[in-house]
Amino acid sequence: SCLYFVAGTIHTSKESKVDLGVGIFMCLVGIIYCIVGGTSVKRAVDKRRSLFSKRKLRDRFNEADKEGNGSLRLSQFRNLTQMLGVQISDAEAEMIYTRYQQSGVMGMKFNDFMNWWTERNRDSTGEFSV
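According to UniProt numbering, the residues represented by the sequence shown are 1 to 130, in order.
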């Protein structure tokens, strides 16, 4: 990862020409690794977006909503995340459920779920991340 760049930078600070060469090589490997990694992440995100359109997410939500009342209990939300392949612990599921559930409303509505789904797929730059 980008640690190659850091290690390479440290290597270049040594006085030996061999260390300088190794350091420069490691820096280049680190830069290439970061660029290729970013491209791979973007491709994976594009594939995931095509797998889970808003319509498919709605269908999965409705499938998890066993009572058919348009909202999910915590256990149903947990089942939905598992159906979608999202690996989170029970404690994380409870925190997410509590945070995104509308105040004063029992259960998580589809819009609440979509708020979480889209927010969890964004990193600090506004791009979707894996």
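Even for Gly, the Cβ is constructed at its ideal location relative to N, Cα and C.
- If you ignore the 5 residues before and after Arg-73, its C-beta comes within less than 7 angstroms of the C-beta of Gly-107, all in its own chain and listed in chain order.
- Sequence-distant Cβ neighbours of Asn-115 in its own chain, meaning closer than 8 angstroms and more than five residues away, are Tyr-100.
- Collapsing the DSSP output to three states places Ser-16 in coil.
- Taking each of Gln-87, Gly-8, Asp-19 and Val-18 in turn and checking the Cα distance to Leu-28, the smallest one comes out for Gly-8.
- Ser-75 carries a helical assignment under DSSP once its states are collapsed to helix, strand and coil.
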